[in-house]
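Student:
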Amino acid sequence: MKLLIIVYKDNESLDIFMDKVKEENLAGFTIMPSQGVGRTSKKKVGEFSIGNLSKLFGGDRITNATVFSVVEDDKLARVLEILKEELSAIHEHGGGLYVVLPIDQFGGVD
Numbered sequence: 074m075k076l077l078i079i080v081y082k083d084n085e086s087l088d089i090f091m092d093k094v095k096e097e098n099l100a101g102f103t104i105m106p107s108q109g110v111g112r113t114s115k116k117k118v119g120e121f122s123i124g125n126l127s128k129l130f131g132g133d134r135i136t137n138a139t140v141f142s143v144v145e146d147d148k149l150a151r152v153l154e155i156l157k158e159e160l161s162a163i164h165e166h167g168g169g170l171y172v173v174l175p176i177d178q179f180g181g182v183d
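In my numbering, the protein residues as written are 74 to 183.
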């Protein structure tokens with residue numbers, strides 16, 4: 074088993090990716106909105122203050138989606154193939170990232 078984590082900027086493409094993976098019965102997903110620290114630190118100007126803190130949490134933030142998926146070893150290659158087809162901007166600067174990690178143990182899912 075592997076843990077696939079994807080952080081991606083384009084929710085429409087991400088939806089297409091997840092739909093294709095689910096259609097082929099390869100994996101399920103958990104999705105959370107996220108924002109990298111690099112994006113927020115670029116918006117800070119001058120001394121730190123409550124005013125700057127409110128800008129940090131303001132409405133002009135760029136929000137990504139972070140997706141978690143437990144993928145069986147024999148299905149991983151196909152999931153990554155779909156990822157490369159549908160999430161092409163992942164290879165562009167600021168487009169997103171993905172990582173695959175081994176899972177030693179997990180529970181809570183039937």
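No residue lacks a Cβ here, since even glycine has one placed at the ideal position from N, Cα and C. Note that the structure is predicted; figures quoted are calculated from it, not measured.
Check whether the Cβ atoms of K157 and L99 sit closer than 7 Å, and answer yes or no.
Tutor: Locating residue 157 in the sequence shown gives position 84, counting from the first residue. Locating residue 99 in the sequence shown gives position 26, counting from the first residue. Not in contact: K157 and L99 (Cβ atoms no closer than 7 Å).
Student: Between the C-alpha atoms of P106 and E165, what's the straight-line distance to the nearest angstrom?
Tutor: Position 33 of the sequence shown, counted from the first residue, corresponds to residue 106. Position 92 of the sequence shown, counted from the first residue, corresponds to residue 165. P106 and E165: Cα-Cα distance of roughly 20 Å.
Student: Give a yes or no on whether the C-beta atoms belonging to A138 and I104 are separated by under 7 Å.
Tutor: Residue 138 sits at position 65 when you count from the first residue of the sequence shown. Residue 104 sits at position 31 when you count from the first residue of the sequence shown. In contact: A138 and I104 (Cβ atoms closer than 7 Å).
Student: If you follow the beta strand (DSSP E) that F141 is in, where does it begin and where does it stop?
Tutor: As a first step, residue 141 must be located in the sequence shown, where it is residue number 68. Start and end: N137 to V144.
Student: Can you have a look at F90 and say buried or exposed, based on whether 16 or more other CB atoms are within 10 angstroms of its CB?
Tutor: As a working mapping, residue 90 is identified with position 17 in the sequence shown. It counts as buried.
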